[in-house]
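Engineer: Just so you know, full-length UniProt numbering puts 58 at position 58 of the sequence shown, and the rest follows in order with no gaps. Quick reminder that beta carbons are idealized off the backbone N, C-alpha and C, glycines included. Got a structure for you, questions after.
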Amino acid sequence: MKEGCPKILIADDVPEVRQLLRLVLEPYYDVIAARNGEEAWELFNAEKPDLVICDVVMPRIDGVELCRRIKWQSFAPETPVIIVTAVTKDRELPDNFWKQFAGSDGFITKPFSPVQVLAMVRKLLADGCEAPEHDPTESHESRGGYEIEGR
């Protein structure tokens, strides 16, 4: 956890995805995580994160509904939301599909790389947190990087 840095809420029902996203983001941001959409909605309201990363397919409340609630029913509709999905893997969807459909500010398709996630987060958050001396993604990228498959 980085005190004074932007807070990011990760919502994914796959423990390995949550763990990977934590590993990538915690050196730069304050990270909290939820195992399903309902837990994410509760954490969103309690913790007031600066950005949300959520999977589309989750139990209780899916990522699309979570995004819609954040954008249209919350105290902070300006909060950026990144949707992570494998749904588009075999389908060709226009780049603005998730923004129009759910109101998201960006989407990342599984499998994804840590560099891709960090780049999108940095694009959506103008933060003043200093990067650690060692980038945790470098050594893994040099060996081929991470790839997370999922639903």
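#1: Name the one or two DSSP bridge partners that residue 54 has.
#2: What does a CB cutoff of less than 8 Å around residue 74 pick up in its chain, not counting 5 residues either side in sequence?
#3: Measuring only the C-alpha atoms, how far is residue 48 from residue 7?
#4: Using DSSP with H/G/I as helix, E/B as strand and the rest coil, what is residue 4?
#5: Alpha carbons only, please: which of 112, 105, 113, 115 is nearest the one belonging to residue 50?
#6: From the DSSP secondary-structure annotation, give me the bridge partner or partners of residue 33.
#7: To the nearest angstrom, how far is the alpha carbon of residue 144 from that of residue 64?
#8: If you draw a straight line from the alpha carbon of residue 11 to that of residue 83, how long is it in whole angstroms?
#9: Which residue from 124, 52, 38 puts its Cα closest to that of residue 60?
#10: Please state whether the Cβ-Cβ distance between residue 5 and residue 29 is less than 8 Å.
#11: Quick check: what's the CA-CA separation for residue 71 versus residue 120?
#12: Return the residue from the list 3, 52, 126 that minimises the CA-CA distance to residue 103.
#13: Contact check, residue 117 vs residue 21 under 8 Å by CB: the rounded distance?
Structural biologist: Put simply:
#1: Residue 54 is bridged to 11, 83.
#2: Answer for residue 74: 44, 45, listed in chain order.
#3: Straight-line spacing of the CA atoms in residue 48 and residue 7 works out to 8 Å.
#4: Reduced to three states, the DSSP call for residue 4 is coil.
#5: Restricting attention to 112, 105, 113, 115, the CA atom closest to the CA of residue 50 is found in 105.
#6: Checking the DSSP bridge columns, you'll see residue 33 partnered with 10.
#7: The predicted position of residue 144 is uncertain, since its pLDDT is 41 and thus under 50; a value taken from the coordinates is nonetheless stated next. Our two residues, residue 144 and residue 64, have alpha carbons roughly 31 Å apart in a direct line.
#8: Taking the straight line from one Cα to the other gives about 10 Å.
#9: Considering only alpha carbons, the answer is 38.
#10: Taking 8 Å as the Cβ cut-off, residue 5 and residue 29 qualify as a contacting pair.
#11: Taking the straight line from one Cα to the other gives about 19 Å.
#12: Checked all of 3, 52, 126; the closest Cα to residue 103 is 52.
#13: The pair is a contact, with the Cβ atoms about 7 Å apart (cut-off 8 Å).
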